[in-house]
Structures are given as structure tokens and as C-alpha cells.
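Our numbering numbers the first residue of the first sequence as 2 and each following residue consecutively.
So the structure is just underneath, and the comments pick up after that.
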Amino acid sequence: MTPAELSHAVQVAVRAAVEAGELSVDVPETVTVERPKNRDHGDYATNVALQLAKPAGKPPRAVAELVAARLRELPGVAKVDIAGPGFLNITLDAATQGELARSIVETGQAYGRNEALKGLKINLEFVSANPTGPIHIGGVRWAAVGDSLARILKATGADVTTEYYLNDAGVQISKFAASLQAAANGRPVPADGYVGEYIVDIAKAITDGVPGILELPEDEQLQAFRVHGLQLMVAEIKRSMDEFGTHFDTWFSEKSLHDSGAVEKAIERLREQGHVFDQDGAIWLRTTDFGDDKDRVLIKADGETTYFAADAAYYLSKRDRGSEVSVYMLGADHHGYVNRLKAIAACAGDDMNRNIEVKIGQFVKMLRDGEEVRMSKRAGNIITIDDVVDWIGVDAARYTLSRSSTDSTITLDINVLTSQTNENPVYYVQYAHTRMCGVARKAVQLGVDKGTAAEFKPELLATEWENDMLGALGEFPRVVAKAGQHREPHHVARYLEDLAGRYHRLYENCQFLPKGDEELTDTHRARLWLVEATKTVLANGLALLGVSAPERM
RNA sequence: GCGCUCAUAGCUCAACGGAUAGAGCACUUGACUACGGAUCAAGAGGUUGCAGGUUCGAAUCCUGCUGAGCGCACCA
């Protein structure tokens with residue numbers, strides 16, 4: 002019996018009590034059934050009686066008794082206790098619980114998928130770092146979290162489009178081009194220009210690849226560096242993302258918004274909604290109508306459109322392309338943008354509490370020899386995505402960056418991650434998977450297998466370790482759904498760590514295969530089903546994080 | 001000055017408003033004639049920054065305070 006089925010059963014029990022006239026309350030739409038931390042509290046616990054006590058006008062324990070009496074009648078339910086202030090602690094038959102192992106094995110890669118966000122069209126934009134330099138550590142966090150989130154949202158039934166917004170227009174690109182030109186000509190980098198080895202490398206790649214570029218007139222030469230530099234930098238970013246296992250469905254060009262007239266059209270649309278006004282020779286969007294600190298300029302007095310105008314056009318583009326929920330993942334230094342971005346949606350007539358979500362991710366701090374390594378694209382002393390991958394590898398990088406809530410700043414100690422990689426929990430999780438593969442290999446060696454589904458005897462999975470494991474496996478779809486709904490992939494990572502720990506304990510306490518001269522028993526077979534189910538969940542979970550599930554390490 | 005985010009074990013971090021706040025690492029003590037010891041068992045480690053409030057119940061929600069990071073452009 003899955004948690005979802007049990008939740009439904011509890012709800013039915015409440016309804017029966019109401020229909021029998023024993024309870025006078027509205028039947029709740031959903032009933033929370035959770036895995037108690039303390040196993041003395043049964044396989045599952047529900048607080049439904051506590052929540053219904055007040056509206057029913059009865060003591061919680063009295064309500065609990067009414068529900069418990071009905072649950073006890075259900076097949077598969079072994080015991081129902083009332084504990085504490087009125088919790089219902091439910092214990093299932095071993096066979097009912099054990100059935101889950103077969104069900105998971107048969108569901109395979111699809112186990113964990115759910116429909117919590119069924120059909121919801123989500124546009125997920127992340128990284129979107131300026132193409133004026135390599136992706137730095139902050140962007141790496143978003144690459145890991147954003148890509149994992151996309152996988153999780155898909156597993157939760159959403160229709161997801163991932164997107165990288167390329168700021169390929171504007172002043173920063175001009176500075177980038179000027180920096181390349183200066184480097185190529187052996188001139189000092191202009192003020193506010195970009196420095197760093199990558200500038201020299203790209204400049205060299207351009208002069209090598211475009212013969213005669215240094216003989217062009219100054220302005221033509223600058224334009225050539227702009228075009229080729231942008232091209233090379235974007236290619237470099239795409240390569241890094243690809244190697245990091247991060248996929249974007251769309252690479253969206255800011256320049257295309259300007260070139261196509263989308264920016265002007267967006268302003269017109271916002272004007273029709275009545276939120277655009279003229280003042281001091283500039284054209285403004287009245288974002289203060291929707292919680293922003295101040296109104297924002299769309300077109301400056303000199304006639305130039307602002308970056309904010311492109312943002313507005315970009316939001317409308319996402320909307321026009323079918324997005325119901327546009328999720329922006331921004332760094333903590335951009336938190337001031339939250340209100341103005343949401344105001345764009347509101348000014349366009351959308352629901353700013355539903356159609357747009359802006360997630361703020363806290364910084365990643367890196368330590369080396371106990372000192373913080375500052376990251377600055379302009380200083381040239383930067384930690385790039387390639388550095389991180391070289392140091393700790395894709396799996397460890399993705400896992401480490403995905404296992405914490407984006408709300409918290411995280412500190413990565415380079416010395417620890419480079420010298421003692423086994424301190425990273427990803428190895429703990431991956432090792433559990435390799436051990437399960439080892440069991441499978443050993444079984445083949447012994448010439449035994451778990452038998453057919455019809456031969457599987459779920460009631461033999463009765464020890465506390467097996468029960469713990471089954472309970473944890475049953476949680477997986479709910480964990481994925483929660484991670485998707487909260488847009489927080491770290492729930493999946495933490496769950497996998499817990500699962501790996503349970504597996505290691507199970508391994509210590511339950512023999513899966515016959516030793517020496519022993520015969521293969523039904524208990525062995527049942528446990529092999531459980532091991533395979535566990536392996537399935539671990540592999541599915543790691544896949545959601547974009548981390549490999551190795552067969553050997 | 002205004003605003004956003006954060007504050008949990010020595011460290012890095014968890015905890016749909018639920019029961020005794022948990023993992024990993026580090027530390028102490030044990031377990032390898034094994035299905036991979038990259039493991040397990042046990043121990044120690046906490047007034048969840050401080051003070052109030054809300055309720056059956058608060059690390060979680062509300063208010064104030066303290067501390068930290070960040071942001072407050074007709075820049076991009």
C-alpha cells in the first residue's frame with residue numbers, strides 16, 4: 002500500500018464517520034499521512050484527528066477513535082494506535098508493505114514520476130550569465146540546480162522549457178569587444194574593460210582565425226571582434242554547459258528582441274494596459290502600482306531603450322510562447338529585481354503571484370587554505386565552471402551544489418574537495434548503488450535470481466531494516482513532487498542520502514544471497530526484489546540530479 | 001535611511017506548523033574467514049542569535065531587537 006493509497010483510505014474513513022452521523026465536519030480534501038521519525042509510532046501517522054477536533058467540537062482523541070475504528074477494518078492494516086494528543090499511528094501487514102518492492106521493480110524508471118504539476122507549462126530560465134566571460138561559480142550553482150529542477154519538474158508532470166537568456170546586446174558586449182581588440186593589438190585594456198587570460202586566448206583565436214583582421218580600419222576591426230568574440234564566447238559557454246550535463250531547450254538572444262521590434266511592441270502592449278506614462282522626456286512603466294519601489298524607465302530621454310524594456314519584452318515573449326509559469330533563477334545580488342520583474346507581469350495583465358516566480362539563490366563562497374577566494378569576472382581572478390569540474394568532477398560538483406537549499410549560502414572548501422573527495426556525500430550515495438550492483442553481479446555468479454513476480458513472497462520482508470527500507474522507498478514519489486512544487490531539488494538529494502544510509506544498514510543486517518553451501522530461500526528471493534527496488538529508486542533519484550549511478554567505483 | 005535574504009552540533013548543511021531538532025565530516029570506542037570496510041554499531045556534541053506573540057503543538061508563522069550578506073540609476 003502506498004502512502005497515497007493510505008491517505009485516501011483515511012479520508013474515506015473520515016467520510017464514513019461523517020455519514021454515520023458520528024462526526025459533524027467537512028471532509029478534508031487531502032489527508033496528510035507521513036512516515037514518523039520514531040518507528041514506535043507505526044509505519045504511518047496522520048494528524049487528521051487533531052485538525053478535525055476543533056471544527057467537530059470533540060476532543061482530538063475521541064475523533065481519532067472514530068477514524069481508527071474504521072481503519073482497523075481495512076485489509077492490510079495490522080494495527081491502529083492513538084498516541085499523544087491524538088495522532089493516529091498505523092501499522093501495515095508485512096505483506097502489504099512488501100508488495101511495494103515488486104511494484105517498484107515493475108515500474109522501473111517511471112517510479113517516482115507523479116502528476117502533482119500535470120500539464121503545467123513552465124519556462125525555467127537560469128544561468129543567463131553575460132557572454133563576456135566564462136561561467137563563474139555562481140552560475141555553476143544555477144546550472145546544477147536549474148537543470149536538476151527541470152528534470153524534477155518534468156517527472157512531476159510539468160511541461161518544461163529550459164532557457165538561457167543571452168545578453169548579446171548593449172554596453173557590456175561593447176566593452177568585451179574593445180577588450181579583445183586591445184589585447185589583440187597589444188594595447189592596454191580600456192577602463193572598465195575585461196581582463197583575464199580568456200580575453201587573451203579569445204583575441205588570439207580571432208586573429209588566428211580571421212586573417213587580416215588587424216589590418217582593418219579601427220571601427221571595422223572593433224565590429225569584427227564583437228561578432229567573432231561573441232560567437233566564440235557563446236560557443237565556449239555552450240560547451241561548458243554541455244560537459245556539465247546541463248541542457249537548455251532555448252538560447253534566447255536579447256539582440257533578437259531589439260532587432261525584431263519586439264521591444265517596441267511590448268511597450269505598446271503595456272501602454273494598452275494603461276501602465277505606461279511619459280515624464281521628463283522618457284517613457285516609464287508604472288511598476289509602483291504593483292509593489293515596486295519606484296517606476297522604471299522603458300525608453301530614455303535620448304531615445305535608447307533600457308535593459309528593463311528588454312526584460313519586459315522577454316517576459317511577454319515567454320508568455321506568447323505558451324508559458325503559464327515563468328521561473329527566473331537569479332543570484333542574490335539581483336534580489337532588487339524581483340519586484341520589478343513581477344510588476345512587468347502584473348502590468349501585462351497577468352497574475353504576479355502565479356504566472357511569474359523569481360527565485361533568489363544565495364552566493365557560493367569558495368575557500369582555499371582557509372581564505373575566501375573572491376570571484377570577479379573583471380578582475381580576471383575567477384573560479385570558472387571548468388575549474389570546478391577539473392577539481393572535483395561533474396558528479397561531485399552537481400551533487401554538492403544541489404544538496405542545499407538555494408536560500409542558504411554555501412561554502413565549498415577547495416582543499417577538502419580536491420584532496421579528500423570521499424568526504425563528499427555523493428560518494429556515500431553512489432557507493433550504495435555500486436554495492437547493489439555488486440549483489441546483482443554476485444547473484445549471476447552464483448547462478449541464482451530473485452524469481453518471477455508470482456513467486457515473490459512480500460510477507461517475508463519483515464525485519465525492521467526491511468520495513469524501514471520499504472517505507473522510505475514508498476516516499477520517493479512524494480519527495481519528487483515536493484521538490485517540484487517547492488522548486489527545491491535538494492529534497493531529492495537529502496532523500497537519497499537517507500536511502501543510501503538505510504541500504505548500508507540493511508546490508509549489514511540482512512543476508513541477500515546464500516552463504517557457502519546454503520540453498521537459496523524464499524527470503525533471499527524476497528530480499529533480492531527489495532535490493533532491486535532500492536537500486537531502481539537510487540538510480541532514478543540520481544538521474545533527477547544529473548548525477549551518474551555507477552555500477553563500479 | 002529604505003528594502004530583500006539569511007542566522008540550527010566544532011565544520012558543511014537538513015527538518016509539508018507535528019511527537020525525543022537530524023545527516024555527513026571531524027573526535028572517542030568497537031566490528032573485516034564479507035553479498036565491495038568508500039561500510040556498520042556505540043559514544044560525545046544544541047537554551048535552533050535574543051525577547052515577546054499566535055495554538056493542542058513553533059527551528060518553521062507574526063512583531064521588535066542584534067548580527068551578517070546584498071540591493072536601492074534615464075547602467076547593463
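All C-beta atoms, glycine included, are put in the ideal place defined by N, C-alpha and C.
Predicted model only: the values in this text are computed from it and were never measured.
Roughly how many angstroms lie between the CA atoms of residue i and residue j, to the nearest whole one?
i	j	result
Leu-167	Leu-181	19 Å
Ile-200	Thr-133	9 Å
Ile-123	Ile-105	28 Å
Asn-510	Val-26	47 Å
Ile-238	Val-264	26 Å
Phe-457	Tyr-432	27 Å
Phe-245	Arg-526	39 Å
Glu-467	Glu-358	41 Å
Ala-482	Gly-542	12 Å
Pro-593	Thr-157	Past the boundaries of the shown model lies residue 593; the chain is included only from 2 to 554, so the question cannot be answered.
Thr-288	Gln-222	41 Å
Asp-290	Ala-344	8 Å
His-556	Gly-371	Beyond the ends of the chain as shown, which are 2 and 554, falls residue 556; an answer cannot be given.
Pro-60	Asp-243	59 Å
Lys-565	Leu-471	The question about residue 565 has no answer, for the chain in this structure spans 2 to 554.
Ile-411	Ala-65	43 Å
Ala-144	Glu-20	52 Å
Lys-75	Met-367	What sits at residue 75 in the sequence shown is Leu, not Lys. Their Cα atoms are separated by approximately 55 Å.
Thr-108	Leu-539	14 Å
Thr-208	Ile-214	6 Å
Gly-337	Thr-453	59 Å
Ala-574	Ser-405	A question about residue 574 goes unanswered here, because the residues of the chain that appear run from 2 up to 554.
According to DSSP, is residue i helix, strand or coil?
i	result
Gln-110	helix
Tyr-45	strand
Tyr-195	coil
Val-445	helix
Leu-121	coil
Arg-297	strand
Val-26	coil
Val-365	strand
Glu-509	helix
Val-359	strand
Arg-379	The predicted model places Arg-379 with a pLDDT of 44, which falls under 50 and marks its position as unreliable, so this point remains unresolved.
Thr-555	Given a span of 2 to 554 for the chain in the structure shown, any question on residue 555 remains unanswerable.
Ser-324	coil
Gly-332	strand
Asp-408	coil
Leu-167	strand
Leu-555	Not covered by the structure: residue 555. The range shown for the chain is 2 to 554.
Ala-1	The requested residue 1 is not part of the displayed model; the chain covers only 2 to 554.
Val-128	coil
Val-201	helix
Ala-102	helix
Thr-31	coil
Val-190	coil
Where do the N-terminal and C-terminal ends of the alpha helix (DSSP H) with residue i fall, by residue?
i	result
Gly-394	386-403
Ala-313	308-321
Gln-280	Run containing Gln-280: none in the alpha helix (DSSP H); it sits in the beta strand (DSSP E), 277-280.
Lys-562	There is no way to answer for residue 562, as the model of the chain reaches only from 2 to 554.
Asp-94	Neither: Asp-94 is in no alpha helix (DSSP H) and is coded neither H nor E.
Glu-116	No alpha helix (DSSP H) contains Glu-116, which DSSP labels as neither H nor E.
Glu-20	4-20
Val-339	339-348
Check the C-beta distance from residue i over to residue j and give it rounded, since I have them as a contact under 8 Å.
i	j	result
Arg-71	Ala-14	4 Å
Ser-403	Leu-497	Incorrect: roughly 10 Å between the Cβ atoms, too far for contact.
Val-328	Lys-360	7 Å
Asp-293	Asn-340	4 Å
Gln-52	Val-28	Not confirmed; about 12 Å, so no contact.
Ala-313	Leu-286	7 Å
Glu-255	Ala-311	5 Å
Val-548	Asp-387	With 8 Å as the limit, Val-548 and Asp-387 do not qualify as a contact, their Cβ atoms being about 19 Å apart.
Ala-302	Gly-282	4 Å
Ile-138	Gly-485	The pair is not a contact, with the Cβ atoms about 26 Å apart (cut-off 8 Å).
Val-389	Val-141	5 Å
Trp-252	Tyr-165	5 Å
Tyr-112	Thr-537	6 Å
His-248	Asp-148	7 Å
Starting from residue i, follow the beta strand (DSSP E) in both directions and report where the run begins and ends.
i	result
Lys-80	78-84
Val-374	372-374
Practice prompt. Would you mind listing the beta strand (DSSP E) stretches within the region 456-539 that are 3+ residues and don't spill past its ends, in chain order?
Written response: none
Discussion item. Extract the residue ranges of the alpha helix (DSSP H) inside the region 210-269, only unbroken runs of 4 or more that lie entirely within it.
Written reply: 219-244, 255-260
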